[in-house]
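Before any comments, here is the structure.
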């Protein structure tokens, strides 16, 4: 079960739950993110239209997304609604919940590496990661990209930080960006063809690709996990090619493709 760093949901919050009982007047569901808590959905909150048979809309063992209407911790009650959610909100919440499930698996793997269980992992680092990074998956993403220091700065024990980074790097691939620009290059030197080839080769490297659009224009594409670095690499690649062209008394210009 994915856990939250608070005991009860908040009014207006979207929750994931599993229906365990359906009666004529409403349905009861266990909350997936709040251990031991359940919600009640009254028949009037099942659908925006008239409900003749509640089982046409909700059934036992169904996974649902609902909006919290009221919370009464003293009585242990959570009232929720199925009808007060747009489809895009429902889809987004389910996707978010699946990501949180994946993050919990990562946390469990880290715990096992340290001969600890998941409960201990939550107590020692899980809730702190939520407070510092918004959620556990966000913490693992940051760990994969920035290393142990980003965790230690937030008060995470060095042993935990090292293990989390190891798990993160094995399981999370940083998002890759692709950006494109163009260079217009020409030279009237007798060896012009060879000079242009040299210039284009100078622009290329492992993450930089150059293609001919139609002389004198050439497309440069850069891929990177960091957008700012990709911009720098794109400009540097264009500068390398243009420098060689200008050394041969040619000329060149760089054009950034608008996103």
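In UniProt numbering, the protein residues as written are 1 to 259. Glycine residues also receive a C-beta, built at the ideal position from the N, C-alpha and C atoms.
Measuring only the C-alpha atoms, how far is residue i from residue j?
i, j, result
"residue 77", "residue 143", "38 Å"
"residue 136", "residue 163", "14 Å"
"residue 69", "residue 81", "7 Å"
"residue 183", "residue 172", "35 Å"
"residue 217", "residue 241", "12 Å"
"residue 120", "residue 111", "8 Å"
"residue 31", "residue 47", "20 Å"
"residue 62", "residue 3", "20 Å"
Which word fits residue i, buried or exposed, when buried means at least 16 other C-beta atoms lie within 10 angstroms of its C-beta?
i, result
"residue 122", "buried"
"residue 57", "buried"
"residue 44", "exposed"
"residue 200", "buried"
"residue 187", "buried"
Looking only at its chain, what residues have a beta carbon closer than 8 Å to the beta carbon of residue i, apart from the 5 residues adjacent to it on each side?
i, result
"residue 158", "148, 152"
Beta-carbon within less than 7 Å of residue i's beta-carbon, same chain only, minus the 5 sequence neighbours each way: which residues are those?
i, result
"residue 127", "5"
"residue 150", "142, 143"
With respect to the alpha helix (DSSP H) encompassing residue i, which residues constitute its N-terminal and C-terminal limits?
i, result
"residue 25", "Per DSSP, residue 25 belongs to no alpha helix (DSSP H) and is neither H nor E."
"residue 165", "158-171"
"residue 223", "That residue, residue 223, is in no alpha helix (DSSP H); its beta strand (DSSP E) goes 217-224."
"residue 186", "That residue, residue 186, is in no alpha helix (DSSP H); its beta strand (DSSP E) goes 177-186."
"residue 257", "Here residue 257 belongs to no alpha helix (DSSP H), and DSSP marks it neither H nor E."
"residue 81", "Taken as a continuous stretch (DSSP letters only), residue 81 belongs to no alpha helix (DSSP H), being part of the beta strand (DSSP E) at 77-81."
The beta strand (DSSP E) with residue i in it runs from where to where?
i, result
"residue 209", "208-214"
"residue 71", "63-72"
Keeping to the same chain, check which residues put their C-beta closer than 6 Å to that of residue i; ignore five residues upstream and five downstream.
i, result
"residue 84", "67"
"residue 132", "154"
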